[in-house]
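Protein chains in written order, with the working numbering: chain D, 4 to 325; chain B, 1038 to 1289.
See structure below.
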């Protein structure tokens, strides 16, 4: 029996996506420059860097989370990851006061928040893996409950807080692409790259996870360890994107689905870059259209969620009729 | 050789598997039979380390399944459970290629691809190799999963109800293929079967379970007896010898 040729890796869609992303970035950088280049380029460059980093973090965290949970309509938001971030910020302002918080080095704060989030995911798992023996559904359910807890706690604290402090807080949660926390850009880039390099060796094991827990164990994947590592990675990436621009998890759901549809493969080596590129395109293009076409200086999140919602409903309808 | 010693599984107060000590012979086909809730699937899952046991030990070729690294065991023992849910769309060939993962860690070579094609052909799926699993019937899907497990090329293959969802023709051909693989390749199969006549006609050894314990074990002719079957199933079952096989008639 002759072996068939190895399947051709779907590189063409990746190449096309890459070109589109570069084109939008060039447009964003070069169109409508009305100031000295040495100011405009770094200024816009930072926005693009933020968009790329956030797009990557959101896309990768969503795809990995869907793989680990074996469910393609979930995002890390369901575990309450982003509300944990909000809660930490709220408590800091409540206990320390806005002046102290504003005076803290944002990098230090960010580092502490990342550590807390990873510790939270580790504790949740350690505890649950001991108890439920790797039942991801129980893990999810606990995550949902914790998420509601974080949300209620932070809205409670925000209610009893002084109005001025509340405004300070709100300003922090609605950090947009126009005024991202630039101090954090370098640190988050380094962190993201670092965890990605560590995560590389998990990629093949992640492919096996799409078969489900039992089949993965049968094929020799250390299921519990792999899932714990992936969830820690997801926690870090969510911390990065939330710290930079606030909660944008819906984008993740959208780009993950477009990536699955475009790539037509289960292999993470291809799906992850595609999802990251699509997210980058969505963010840069959204920002470009908002700033240059509509001349509105609002938040692209509004547009993304609007367009995203429409696309998502269209996809659901198409699936239903098929 | 698979050996279990005092293996138990407890859910709260309920003992699903109750101190099973069992030594399964090397080579050939061993079938586990018994009524619903006897603990057959649970025992199979524990023997293959997919489910942790509450107490006891299992050794596969002398390796303790709870302490041996998963990737070492994956080259010696393969298990297919009943419900196989996929979160991605896969073609038959992609699924079967996963069977090579323990040997390749996801980077199949030309030899691995040959293995894959052989397993696909063996299960009679060559014409469907590029079809997506969600576009196939339950029986075809079942055969694809069995092909994946065979492609793993382990000495021990554990299948939980491999005939589930197969029509008569495919059930017979599945059992023939397993018998052939056992005879020519020297593999050991452990099957959980509900159809006692298939167990009788194709097995070398039958283990009958009831209430979490091994009630009887032996050659097919030792198990296929009205008194034994009555003790297992609480049914009056007459057994006839037809063309050399012991056949139970339990339909009326």
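Beta carbons are placed, not taken as given, at the ideal position from N, Cα and C, and that holds for glycine.
In the structure shown, the three-state DSSP call for residue 1047 (chain B) is strand. Take the alpha-carbon of residue 129 (chain D) and the one of residue 81 (chain D): they are about 19 Å apart. By the Cβ neighbour-count rule, residue 167 (chain D) is exposed, with fewer than 16 other Cβ atoms within 10 Å of its own.
Neighbourhood of residue 73 (chain D) in chain B, by CB distance below 8 Å: 1122, 1124, in chain order. Bounds of the beta strand (DSSP E) holding residue 1095 (chain B) are 1092-1097. The beta carbon of residue 1238 (chain B) sits closer than 6 Å to the beta carbons of 1282 from its chain, once the five residues preceding and following it are set aside; these are given in chain order. For the stretch 1142-1154 of chain B, the beta-carbon criterion of a distance under 9 Å to any beta-carbon of chain D is satisfied by 1142, 1143, 1144, 1145, 1147, 1148, 1149, 1150, 1151, 1152, 1153, 1154.
Here residue 77 (chain D) is buried: its Cβ has 16 or more other Cβ atoms, across all protein chains shown, within 10 Å.
Between the alpha carbons of residue 1181 (chain B) and residue 208 (chain D) lies a distance of about 21 Å.
Your pair residue 1097 (chain B) and residue 1110 (chain B) checks out as a contact, with CB atoms roughly 6 Å apart and the cut at 8 Å. Taking the Cα of residue 292 (chain D) as reference, the smallest distance to any Cα among D:34, D:231, D:87 is reached at D:34. Between residue 247 (chain D) and residue 191 (chain D), the C-beta gap is smaller than 8 Å, which places the two residues in contact. If you keep only unbroken beta strand (DSSP E) runs of at least 3 residues inside the stretch 1062-1094 of chain B, you get 1065-1070. Excluding its 5 nearest sequence neighbours in each direction, residue 90 (chain D) has C-beta neighbours in its own chain below 7 Å: 153, 156, 157, listed in chain order. At a Cβ-Cβ threshold of 8 Å, residue 88 (chain D) and residue 242 (chain D) count as neighbours. Ranked by Cα distance from residue 1206 (chain B), the options B:1176, B:1188, B:1231, B:1227 are led by B:1176.
Between residue 1043 (chain B) and residue 1058 (chain B), the gap from beta carbon to beta carbon is short of 8 Å.
Around the CB of residue 239 (chain D), 16 or more other CB atoms lie within 10 Å, so the residue is classed as buried.
By a beta-carbon distance limit of 8 Å, residue 1070 (chain B) contacts residue 1245 (chain B). Their separation comes to about 5 Å. Any Cβ of chain B closer than 8 Å to the Cβ of residue 269 (chain D) would place that residue at the interface, and such an atom is present. Secondary structure note for residue 1115 (chain B): its beta strand (DSSP E) is the uninterrupted segment 1114-1117. Listed along chain B, no residue sits closer than 7 Å to residue 62 (chain D) by beta-carbon distance, the nearest being about 17 Å off. If you ignore the 5 residues before and after residue 1270 (chain B), its C-beta comes within less than 7 Å of the C-beta of 1072, all in its own chain and listed in chain order.
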